Amino acid sequence: MVSRYLFWAGFGTLHPLPTIPNYLLTTILPNKLGVLARAWQLGIEMRPLFGKTGAWAYPVYATVGASFGYWLQGVDERQTAVLQQRKAAIMEKRARRAAAKAETGVPQSEGTPIMA
Numbered sequence: 000m001v002s003r004y005l006f007w008a009g010f011g012t013l014h015p016l017p018t019i020p021n022y023l024l025t026t027i028l029p030n031k032l033g034v035l036a037r038a039w040q041l042g043i044e045m046r047p048l049f050g051k052t053g054a055w056a057y058p059v060y061a062t063v064g065a066s067f068g069y070w071l072q073g074v075d076e077r078q079t080a081v082l083q084q085r086k087a088a089i090m091e092k093r094a095r096r097a098a099a100k101a102e103t104g105v106p107q108s109e110g111t112p113i114m115a
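Shown next, in the form of structure tokens:
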């Protein structure tokens, strides 16, 4: 994601990079680039952008692609939430274990000793 942003921002600029909303980088910009690439391809082939028989296909494909992207974004958000909950539980467990060892006076080991 960062490489795409740096590519469109101008590689070696001295000014600070502006903040761009995430939806702009993940949805709008790639969609416009895809439409532009398709128009360029049809122009090279010297075909019309919207033929009489295939004019229905572009909106259908765009709708299917947008629906899949929307679903995939939801999957990503749910997985991120689950991972954050698991991380919080693990950190809490580590804190409880450290507190229990501190109360009993047992020195904390640095891990399993390596047998030579």
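Residue numbers (numbering that gives the first Met the number 0): 0 to 115.
Cβ coordinates follow ideal geometry from the N, Cα and C atoms, glycine included.
Note that this is a predicted model, so its numbers are computed, not measured.
**Report entry** Through-space distance from residue 35 to residue 71, alpha-carbon basis
**Finding:** On the sequence shown, residue 71 is found 72 positions in, with the first residue counted as 1. On the sequence shown, residue 35 is found 36 positions in, with the first residue counted as 1. So the two alpha carbons sit approximately 24 Å from each other.
- [ ] Can you tell me which of the three DSSP states residue 44 falls into?
- [x] Taking the first residue of the sequence shown as position 1, residue 44 is located at position 45. Residue 44 falls in the coil class under three-state DSSP.
Would DSSP call residue 52 helix, strand or coil?
-> Position 53 of the sequence shown, counted from the start, is the residue given in the question as residue 52. Residue 52 falls in the coil class under three-state DSSP.
- Task: Return no unless some Cβ of chain D is closer than 8 Å to the Cβ of residue 57.
- Result: Judged by its chain identifiers, the structure shown contains no chain D, having just a single protein chain.
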